[in-house]
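Here the structure comes first, spelled out in structure tokens, and everything after it is commentary.
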Amino acid sequence: MNKNQAIKFLRSHQPMPAAPEITQAQVDTYDEVRMYFIKNPDSRSIELFLRSFGDGDGLGMYQLVEDVFYQCEKPDVVSGIQTVLEDLSIPNGVRYWTTQAAAAFPDDALRNGLSLSLASSNEDIREAAELAFEIIGTEKP
Numbered sequence: 001m002n003k004n005q006a007i008k009f010l011r012s013h014q015p016m017p018a019a020p021e022i023t024q025a026q027v028d029t030y031d032e033v034r035m036y037f038i039k040n041p042d043s044r045s046i047e048l049f050l051r052s053f054g055d056g057d058g059l060g061m062y063q064l065v066e067d068v069f070y071q072c073e074k075p076d077v078v079s080g081i082q083t084v085l086e087d088l089s090i091p092n093g094v095r096y097w098t099t100q101a102a103a104a105f106p107d108d109a110l111r112n113g114l115s116l117s118l119a120s121s122n123e124d125i126r127e128a129a130e131l132a133f134e135i136i137g138t139e140k141p
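Per full-length UniProt numbering, residue 1 is the first one in the sequence shown, and the count goes up by one each step.
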């Protein structure tokens, strides 16, 4: 696996298939890409990972993506989270997992995007947004 292959895989999986359709080969490649970027951090991977989250838990792999973000500069991670959360067109899987990531990288710049998550019709997304607001330490809108 090299950087170009890893970026290409992420770009072609925006988002990953939902849990019933995802294949073991896709899961294995996703994990290989994740491990590559843990060892070789690249800010270009942040938004690609955030937009790769499909519906469900990705057979357990989405929870592990934060490990990639911890290897990157926090301002880059916050910027990626902010951009994705403020995108009104993202699917629920992307919004849910990106809202979860916001709790791990609390920053006041995420308030607007988290407000969109708080207004979601999806209860899990709303709960994740409430937690992120608590961690940021600011009042919910």
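By construction, the Cβ of each residue, glycine as well, lies at the ideal position given by its N, Cα and C atoms.
Checklist entry - Considering only C-alpha positions, which residue in the set Leu116, Leu64, Pro20 is nearest to Leu85? => result If you number the sequence shown from 1, residue 85 lands on position 85. Leu85 has its Cα closest to that of Leu116, out of Leu116, Leu64, Pro20.
Checklist entry - Per DSSP, what kind of secondary structure is Asp28 in: helix, strand or coil? => result The count along the sequence shown starts at 1 and reaches residue 28 at position 28. Of the three classes helix, strand and coil, the one that applies to Asp28 here is helix, per DSSP.
Checklist entry - Leaving out the 5 sequence neighbours to the left and right, which residues in its chain are closer than 7 angstroms to Pro15 when beta-carbon positions are compared? => result The residue labelled residue 15 in the question sits at position 15 within the sequence shown. The answer, listed in chain order, is Arg51, Ser52, Phe53, Gly54, Pro91, Gly93, Val94.
Checklist entry - If Ile81 sits next to Ala101, beta carbons under 8 angstroms apart, how far is it from one beta carbon to the other, in whole angstroms? => result For this step, residue 81 is matched to residue 81 along the sequence shown. For this step, residue 101 is matched to residue 101 along the sequence shown. Beta-carbon to beta-carbon, Ile81 and Ala101 are separated by about 6 angstroms, close enough to satisfy the 8 angstroms threshold.
Checklist entry - What does a CB cutoff of less than 7 angstroms around residue 142 pick up in its chain, not counting 5 residues either side in sequence? => result An answer regarding residue 142 cannot be provided, because it is not within the stretch 1 to 141 covered by the chain.
Next on the checklist: I'd like to check one pair, Ile38 with Asp67: are the Cβ atoms closer than 9 angstroms?
Outcome noted: Translated into the one-based positions of the sequence shown, residue 67 becomes position 67. Translated into the one-based positions of the sequence shown, residue 38 becomes position 38. A contact, by the Cβ cut-off of 9 angstroms.
Item to check | Sequence-distant residues of the same chain with beta carbon closer than 7 angstroms to Ala18, five excluded per side | outcome: Locating residue 18 in the sequence shown gives position 18, where the first residue counts as 1. For Ala18, where only same-chain residues beyond five positions count, the Cβ hits under 7 angstroms are Gly54, Asp55, Gly56.
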